[in-house]
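*Asks:* Shown below is the structure under consideration.
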Amino acid sequence: MNDYLKDLNDRQKEAVEHIEGPSLIIAGAGSGKTSVLTTRIAYLIDHGIDPFNILALTFTNKAAAEMRSRIEMMVGKDARNLWMGTFHSMFARILRIECDRIGYTKDFTIYDTDDSKNVIKSIVNEEQMDIKVYKPSYIYSKISLLKNNFITAGKYLADDSYISEDIEMGKPRFGDIYLKYTQRCFKNSAMDFDDLLLKTHELLENNPDILNKYQQKFKFVLIDEFQDTNILQYLIVKYLAAAHRNLSVVGDDSQSIYSFRGANIKNILEFEKDYSDLKIFKLEQNYRSTKTIVSASDEVIKNNKYRLEKKLWTANDEGNKIKLIKANSESDESDKIAQCILKEKRENGYKYEDFVVLYRTNAQSRAFEEAFTKNNIPYRIVGSISFYQRKEIKDILAYFKFVINPLDEEALKRIVNYPARGIGDNTMQKLIVWAREFNMTVWDVMCKIGEFDLGSRHIIAINDFAMMIKSFIIMATEKNAYETAHHIAKTTGILSILYEDRTIEGLSRYDNVKNLLSAIGEFVNSDRDDKSIGTFLQGVSLLTDADTSDTSGDKVTLMTVHSAKGLEFPVVCIVGLEENLFPSGMSIDTREEVEEERRLFYVALTRARIKIYVSYAVSRYKWGSINGCEPSRFLEEIDPKFIDYSYIQPFKQPVEERTTLKQTLNIIPKKSKISYQPASDFRPDEDLLNLQTGMEVEHNRFGIGKVLQVEGTRDNMKATIFFKEIGQKLILIKYAKMRIIN
């Protein structure tokens, strides 16, 4: 029964065999986290726990599928009965069962980012606001952050401080947009990704009987990557686990890198405060990397103040030192990395797929694309437009969405005149106005178009469209997903239009739609019970970036460090290690921001199994001019004994004493001969130590601000400042680039 336990080390086995009560499994990088989590679930099933009573939450569908497959190998097909998947997919499943309690239809649409931005754009235009002031991308991001911090539109509008802040920022109607966006989504019977969390919390909080139902159902709750959870996710999980208190979370605080998405590192750092009887297991043996990589990364992360204590170690070989590359510019950097890849491949037998280039921002990929093309190195970029975000795919998916949910106004707008059928923007605007005036949906207006004052040509076009959609709706209830999808693609004329476009782009779009239909065919041929187009669509709506990335072929991977989390490669190249790039100049004003950047570097280092290259440039082209660059502070934090300096001769390898990178190389540019421009006119100085409440300051990035509060002294001195442009920020004075102006 328990053969699968024999490959676990003692600490892993203890974590698996602890059944009752809350537990925290602190899983260092490469310590076998997935093995422990999957084995723990298999162990529960083997000890009589019904899989239907186990809820296991992950952050990607890919991770859930991999774990389910492993568990099935251990305990058999019974594992298929687990409630296992991403937070969003599991909560969407609950919401579809209980949707009547919160006023939604069972077939509610799940909006992706583009859908949400389009709704916001429509609201801004309808309300005759300035689209340049109320940019949909900004509005959407702020709404998302508010929802993840459990601040609804009602709460927002009821708080005068939020309204005052919006006025200060020149966006006094943000709260109105937030409310109208919420109302519009509800009217369309649509939820965005954040609503899947918010509405689940609302459902459980306002319906004690439903809360009790799921508390009794989920006797064991397990969470993967717990450090990435936000406030709302944790609140929901605490609700669900409250009755039995069998909550087991797995994570690594040192890999918490998603605060910009709302992730709250306090969830894992302060977990023990919520569960006084918590059992803690530390997985500290690294199975992935060499001793050099493990020790170097551990040296770096020890510089963080806010962390759970652990000491990673490995029984693997000592391995190669980290190779440091100094480049003259970004093009020189990318060319040197290309040459290193070619040399490693030639001399050590690596494949291209063994290499990954990690950078802080997507914009850095350009230089590497050019260098790799010049050197005939095949590559893939992770983070470029995904398959399901391509226009032709979104067009046909919009037909599926509307057929399943005719209340979805955004889907209707996308399909109503594609392919062209004489229902233009002006006609559509009239339909929207009538819908608002008579409190109807636009679809209802279209179905009763003969009752409205519209030209006969337009009435015929709308009637024909409505009849076609009604036939699709009937077919969707009677046929499987593939038959329905193929019929829609053919009947609408989309397939023929794309086929007739014989340009390279047109052929590519046609192939993409064929690939979509093939994917739907695979879905229908699987062993699932529900093969409807609605079920297929729900799966697509809940895909994450990690689920749609291309990993096929012998190619070097280019990606941001954020995208690399959870992956591993034999050889990792971490590039652009310069101040204001990595760490980002946008994230060095508080200790919390700097520590997250350091965790990001730690994640980059720990992706490597065998070798690491790190590089920096002494100059970089930015905003039309060449700027001098300083090596990243994180390079200083690696003990020089772990670094190979042979790529930056004539500098000598440091010897016994612990010297910093700057002392060893003496490479900080003073005044570059290539029109060096300092990153900022502001420098931290003694004047800032005299900062007092009420003073006005000018920050190099945030602009003019007023000091609200000052605490601490010298290196630990912090100030709460309200900036006119971005609102309130907590600034660590030690790293601040600002000056007192009044």
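Numbering-wise (our numbering), the sequence shown opens with residue 2 and increments by one.
Just so you know, even glycine gets a beta-carbon here, dropped at the ideal spot from N, CA and C.
1. Residue range of the beta strand (DSSP E) that residue 422 falls in?
2. Please list the terminal residues of the continuous beta strand (DSSP E) segment that includes residue 710.
3. I need the DSSP call for residue 476, collapsed to helix, strand or coil.
4. Assign residue 729 to one of three DSSP states: helix, strand, or coil.
5. What residues in its chain sit with their C-beta under 7 Å from that of residue 728, if we drop five residues either side in the sequence?
6. Can you tell me the Cα-Cα spacing of residue 519 and residue 558, whole angstroms?
7. On a CA-only basis, which of 330, 296, 332 is nearest residue 320? Give me that one, please.
8. Three-state secondary structure (DSSP) at residue 240?
9. Report yes if the C-beta distance between residue 226 and residue 25 is below 9 Å; otherwise report no.
10. Compute the Euclidean distance between the alpha carbons of residue 357 and residue 422, then round it to the nearest angstrom.
11. Let me know if residue 438 comes out buried or exposed under the rule of 16 or more other beta-carbons within 10 Å of its beta-carbon.
12. Where residue 746 and residue 309 are concerned, what is the direct C-alpha to C-alpha distance, given to the nearest angstrom?
13. Let's test the definition: count the other Cβ atoms within 10 Å of the Cβ of residue 396 and tell me whether it reaches 16, buried, or not, exposed.
14. Let me know the secondary structure DSSP gives residue 259 once reduced to three states.
15. Considering only the beta carbon of each residue, do residue 328 and residue 509 sit closer than 9 Å?
16. Let me know the secondary structure DSSP gives residue 632 once reduced to three states.
17. Using only the alpha-carbon positions, how far apart do residue 512 and residue 368 sit?
18. Just the Cα atoms here: how many angstroms apart are residue 576 and residue 602?
19. Residue range of the alpha helix (DSSP H) that residue 34 falls in?
20. Relative to the C-alpha of residue 619, which residue among 604, 123, 579, 609 is closest?
21. Let me see if you follow: with CB-CB separation under 9 Å, is residue 459 close to chain C or not?
22. Taking only three categories from DSSP, how would you classify residue 676?
23. Is the beta carbon of residue 42 closer than 9 Å to that of residue 20?
24. In the DSSP assignment, what are the bridge partners of residue 698?
25. Could you check the C-alpha separation between residue 155 and residue 162 for me, to the nearest Å?
26. Can you give me the C-alpha to C-alpha distance between residue 62 and residue 702, rounded to a whole angstrom?
27. For residue 542, count the other beta carbons within 10 Å of its own beta carbon; 16 or more makes it buried, fewer makes it exposed. Which is it?
28. Considering only C-alpha positions, which residue in the set 389, 401, 336, 523 is nearest to residue 371?
29. Using 8 Å for Cβ pairs, my map puts residue 607 next to residue 290. What's the rounded Cβ distance?
30. Could you tell me whether the stretch 390 to 408 touches the stretch 185 to 196, using the rule of 3 or more Cβ pairs below 8 Å?
31. Quick check on this structure: which residue in 375, 22, 235 has the alpha carbon closest to the alpha carbon of residue 343?
32. Counting only runs of 4+ residues fully inside the stretch 115 to 151, write out the alpha helix (DSSP H) ranges in chain order.
33. Tell me whether the beta-carbon of residue 105 lies closer than 9 Å to the beta-carbon of residue 200.
34. Measure the alpha-carbon distance for residue 97 versus residue 111 and round it to whole angstroms.
35. Just how far apart, CA to CA, sit residue 647 and residue 183?
36. With DSSP run on the structure shown, which of helix, strand or coil describes residue 380?
*Replies:* Based on what the coordinates show:
1. Numbered from its first residue, the sequence shown carries residue 422 at position 421. Per DSSP, residue 422 belongs to no beta strand (DSSP E) and is neither H nor E.
2. Within the sequence shown, numbered from 1, the residue matching residue 710 stands at position 709. Per DSSP, residue 710 belongs to the beta strand (DSSP E) from 704 to 712.
3. For the purposes of this step, residue 476 is identified with residue 475 of the sequence shown, where counting begins at 1. DSSP places residue 476 in helix when its eight states are reduced to three.
4. Mapped onto the sequence shown, residue 729 falls at position 728. Strand at residue 729.
5. Here the question's residue 728 lines up with position 727 in the sequence shown. Within the same chain, residue 728 has close Cβ partners 166, 170.
6. To locate residue 519, count along the sequence shown from 1; it is residue 518. To locate residue 558, count along the sequence shown from 1; it is residue 557. Spanning the two alpha carbons is a distance of roughly 26 Å.
7. Reading the sequence shown from its first residue, position 319 is the one you call residue 320. Among 330, 296, 332, the Cα nearest to that of residue 320 belongs to 296.
8. As a first step, residue 240 must be located in the sequence shown, where it is residue number 239. DSSP places residue 240 in helix when its eight states are reduced to three.
9. As a position in the sequence shown, residue 226 is number 225, starting the count at 1. As a position in the sequence shown, residue 25 is number 24, starting the count at 1. Cβ atoms of residue 226 and residue 25: not closer than 9 Å.
10. Position 356 of the sequence shown, counted from the start, is the residue given in the question as residue 357. Position 421 of the sequence shown, counted from the start, is the residue given in the question as residue 422. Going by the C-alpha atoms only, they are around 47 Å apart.
11. In the sequence shown, the residue the question calls residue 438 occupies position 437. By the 10 Å Cβ count, residue 438 comes out exposed.
12. Since the first and last residues shown for the chain are 2 and 743, residue 746 lies out of range.
13. Taking the first residue of the sequence shown as 1, we reach residue 396 at position 395. Under this definition residue 396 is a buried residue.
14. If you number the sequence shown from 1, residue 259 lands on position 258. Coil at residue 259, not helix or strand.
15. For this step, residue 328 is matched to residue 327 along the sequence shown. For this step, residue 509 is matched to residue 508 along the sequence shown. No; because the gap between Cβ atoms is not below 9 Å, this pair is not in contact.
16. Locating residue 632 in the sequence shown gives position 631, counting from the first residue. Residue 632 falls in the strand class under three-state DSSP.
17. Here residue 512 refers to the residue found at position 511 when the sequence shown is read from its first residue. Here residue 368 refers to the residue found at position 367 when the sequence shown is read from its first residue. If you take the alpha carbons of residue 512 and residue 368, they lie about 30 Å apart.
18. To locate residue 576, count along the sequence shown from 1; it is residue 575. To locate residue 602, count along the sequence shown from 1; it is residue 601. Distance between the alpha carbons of residue 576 and residue 602: 11 Å.
19. In the sequence shown, residue 34 corresponds to position 33, counting from 1. Residue 34 -> alpha helix (DSSP H) spans 34 to 47.
20. Here the question's residue 619 lines up with position 618 in the sequence shown. Nearest option by C-alpha distance: 579.
21. The structure shown has no chain C; it contains just one protein chain.
22. Sequence index remark: in the sequence shown, residue 676 carries index 675 (1-based). With a pLDDT of only 29 at residue 676, under the threshold of 50, the placement of this residue in the model should not be trusted, and no figure is reported.
23. Looking up residue 20 in the sequence shown gives position 19. Looking up residue 42 in the sequence shown gives position 41. The answer is no: Cβ separation not under 9 Å.
24. Stepping through the sequence shown from its first residue, residue 698 is reached at position 697. Note: residue 698 sits in a beta bridge opposite 706, 741.
25. Here residue 155 refers to the residue found at position 154 of the sequence shown. Here residue 162 refers to the residue found at position 161 of the sequence shown. Distance between the alpha carbons of residue 155 and residue 162: 14 Å.
26. In the sequence shown, the residue the question calls residue 62 occupies position 61. In the sequence shown, the residue the question calls residue 702 occupies position 701. Cα to Cα, residue 62 sits roughly 38 Å from residue 702.
27. For the purposes of this step, residue 542 is taken as the residue at position 541 of the sequence shown. Buried, because 16 or more other Cβ atoms sit within 10 Å of the Cβ of residue 542.
28. As a position in the sequence shown, residue 371 is number 370, starting the count at 1. Cα-wise, what sits closest to residue 371 is 336.
29. Indexing the sequence shown from 1 puts residue 607 at position 606. Indexing the sequence shown from 1 puts residue 290 at position 289. Right, the Cβ-Cβ distance comes to about 7 Å (below 8 Å), so this counts as a contact.
30. yes
31. Working through the sequence shown from its first residue, we reach residue 343 at position 342. Among 375, 22, 235, the Cα nearest to that of residue 343 is on 375.
32. 137 to 149
33. Here residue 105 corresponds to residue number 104 of the sequence shown, with the count starting at 1. Here residue 200 corresponds to residue number 199 of the sequence shown, with the count starting at 1. Contact flag set, yes.
34. Within the sequence shown, numbered from 1, the residue matching residue 97 stands at position 96. Within the sequence shown, numbered from 1, the residue matching residue 111 stands at position 110. Distance between the alpha carbons of residue 97 and residue 111: 11 Å.
35. One-based indexing of the sequence shown puts residue 647 at position 646. One-based indexing of the sequence shown puts residue 183 at position 182. Looking at the two C-alpha atoms, the distance is approximately 58 Å.
36. For the purposes of this step, residue 380 is taken as residue 379 along the sequence shown, with counting starting at 1. Of the three classes helix, strand and coil, the one that applies to residue 380 here is strand, per DSSP.
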